[in-house]
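Participant: Residue numbering for the sequence shown follows our numbering, beginning at 96 and increasing consecutively.
Even glycine gets a Cβ: it sits at the ideal position worked out from N, Cα and C.
Here the structure is a predicted model, which means the values were calculated and not measured.
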Amino acid sequence: ILFIYSFILLILTLLSASLGIITVDQSPQVISAQPQDTVKILCRASQDIGDDMELFQFKPGQAPKLVIHDSTYRASGIPERFSGLESGALTTFTISGVQLEDEDEAEYHCQHLAESLWYMFGQGTKLILKRKCFITIIFKRLRRKSLLYQKLSTPDKATLVCQINKFYPDHATVSWSVDGQDVSGNKQDTQSVRSSDGTYSMSSILTMSRSAWEAAEAFTCQVQHESLSTPASHTVTKSQCQE
C-alpha cells in the first residue's frame with residue numbers, strides 16, 4: 096500500500112510541475128523523539144496559500160486521520176498537544192509532548208487542496224519514538240511482624256515483594272539475592288501489566304523459610320532491562336521490614 100501511495104505521489108508531483116499546480120514540500124522526513132519531546136513538521140507550499148493546509152496521520156492498517164485543518168484548527172477528538180501555525184507559504188505543525196508509540200508514532204502528511212480540486216500531499220514525516228526506559232523499584236514493606244509469615248504453601252514462610260514500575264518497552268528480568276547470595280530460584284514473577292501512560296509494571300515475590308529469614312539480614316532485588324547499561328537494584332534490611 097505504501098509503495099502504491101508513493102508511486103501515486105510521484106505521478107501527482109510530475110503532473111503538478113507541468114500544469115503549474117501548487118506543490119507542497121514537507122520536512123523533515125524522519126523525526127526520532129523521546130516521550131514528552133516537542134516536535135515540529137514543516138510544510139511549505141510553492142506559493143502563499145494562506146490557511147489552506149491540513150495535516151493527516153497515517154498508521155498501518157488504519158484509515159488516514161485528519162489531525163489539523165485550515166492550518167490551525169484541530170479536528171474533532173484531536174488532543175491539544177497538536178497545533179498548527181500558518182505564515183504565508185509555510186505552515187508549522189507542532190506536537191507538544193509526544194506520547195508513547197501507540198499514540199503518536201505514525202507517518203504524517205501535509206495536504207493542500209488546490210482550487211482545481213487536486214489534493215497535493217507533502218512527502219511525509221515519519222515520527223519514531225525512541226525506546227527509553229523508565230524504571231522505579233519499590234519494596235512493599237510489611238508493617239507488622241505478623242504479616243511477614245504468610246500462609247503460602249506452608250505456614251512458616253516469609254515473603255518479600257519487589258514492585259517494578261514504569262519500565263518501557265515490555266520485559267524486565269528480576270533476580271534476588273540474600274546477603275549477597277543468589278536466591279532467584281525461590282522467586283515468582285507476575286506478568287507485566289500495561290499502564291495508561293504506556294509503561295509497564297510487574298511484581299517479583301521472594302519466599303523463604305522462617306529459619307532462612309531469621310538468619311538473613313539484607314535482601315536485594317535486581318532488575319535488568321534492555322535500555323539499562325547496568326542493572327538497577329534496591330536493597331532492604333530486615334529491620335526495615337519490621338518497622
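1) If Leu-224 sits next to Pro-159, beta carbons under 8 Å apart, how far is it from one beta carbon to the other, in whole angstroms?
2) Count the other C-beta atoms from every protein chain shown that fall within 10 angstroms of the C-beta of Ser-290, then say buried if there are 16 or more, exposed otherwise.
3) How far does the beta strand (DSSP E) with Glu-149 in it reach, from first residue to last?
4) Does the region 257-266 touch the region 314-321, meaning 3 or more C-beta pairs lie closer than 8 Å?
5) For Met-148, which of Val-269, His-164 and Asp-284 has the nearest alpha-carbon?
6) What does the alpha-carbon distance come out to for the pair Ala-201 and Cys-257?
7) Alpha carbon to alpha carbon, how far is Ser-287 from Val-119? Give it in angstroms, no decimals.
8) Considering only C-alpha positions, which residue in the set Asp-277, Ser-324 and Leu-180 is nearest to Met-303?
9) Beta-carbon separation of Ile-144 and Ala-184 under 8 Å?
10) Is the beta carbon of His-204 less than 8 Å from the beta carbon of Ile-117?
11) How far does the beta strand (DSSP E) with Ser-127 in it reach, from first residue to last?
12) Mark Leu-237 as exposed unless 16 or more other C-beta atoms lie within 10 angstroms of its C-beta, in which case mark it buried.
Facilitator: Quick answer:
1) Leu-224 to Pro-159, Cβ: 20 Å. No contact.
2) Around the beta carbon of Ser-290, fewer than 16 other beta carbons sit within 10 angstroms, so the residue counts as exposed.
3) In the DSSP assignment, Glu-149 falls within the beta strand (DSSP E) that extends over 149-153.
4) Touching, yes.
5) Looking at the Cα atoms, His-164 is the closest of the given residues.
6) Roughly 35 Å between the two C-alpha positions.
7) So the two alpha carbons sit approximately 45 Å from each other.
8) For Met-303, the closest alpha carbon among the candidates Asp-277, Ser-324 and Leu-180 is that of Asp-277.
9) Yes, the pair counts as a contact, with Cβ atoms nearer than the cut-off.
10) Cβ distance not < 8 Å, so His-204 and Ile-117 don't count as in contact.
11) For Ser-127, the enclosing beta strand (DSSP E) begins and ends at 125-128.
12) Low local confidence applies: a pLDDT of 34 at Leu-237 is under 50, so the model's placement there is unreliable, with the coordinate-based value given in what follows. Under this definition Leu-237 is a buried residue.
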